[in-house]
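Colleague: Okay, handing you the structure first.
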Amino acid sequence: MKKLLLSFLIAAPLAANASMSECYTLLQMSNVIMKSKQVGVPITQMINFNEQQYKETKDKNSHDLVDYMIRDAYSQADYSSQTYKDEQLNEFNAKYYGMCKEQSK
């Protein structure tokens, strides 16, 4: 499951200007990042995937955004309750989707 979650990071570079589909892509990425953190994927593995993606795409905007999202996710508390994990995931996704939609106005 961890590899499945992380594989999305490689396949989803973002463009600098946010469109509807890019906001949805960002929503999916935030989901993958937080779920990976919640299932115990080490932050070093997430950072390494992001670095690998940058080497392949040379998309600095995407790299920097994903790096920020990874650091944000891993700075949050760990929960054992699935209810709290679900709430945390929803809030994390809403934060980044909302930011993207605001920028696309």
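In the working numbering, the protein residues as written are 1 to 105. Don't be surprised by glycine CBs; every beta carbon is placed ideally from N, CA and C.
#1: Cutting at 7 Å between CB atoms, please list the residues of its own chain near Asp133, excluding the five before and the five after it.
#2: So, helix, strand or coil for Gln88, using DSSP?
#3: When the Cα atoms are used, what is the spatial distance from Ala94 to Gln76?
#4: Between which two residues does the alpha helix (DSSP H) carrying Val66 extend?
#5: Closest by CA to Glu91, which one among Cys23, Ser30, Ser81?
#6: When you compare each of Glu87, Tyr74, Gln88, Lys105 to Gly40 by their alpha carbons, which one comes out closest?
#7: Whose CA, out of Tyr54, Ser62, Thr44, lies closest to the CA of Cys100?
Modeller: The relevant details are as follows:
#1: The requested residue 133 does not occur in the structure, where the chain is confined to residues 1 to 105.
#2: Here Gln88 sits in helix by DSSP.
#3: Their Cα atoms are separated by approximately 15 Å.
#4: Membership of Val66 in the alpha helix (DSSP H) is indicated by the continuous run 60 to 74.
#5: Of the listed residues, the one whose Cα sits closest to Glu91 is Ser30.
#6: It is Tyr74 whose Cα lies nearest to the Cα of Gly40.
#7: Scanning Tyr54, Ser62, Thr44 for the CA closest to the CA of Cys100 turns up Ser62.
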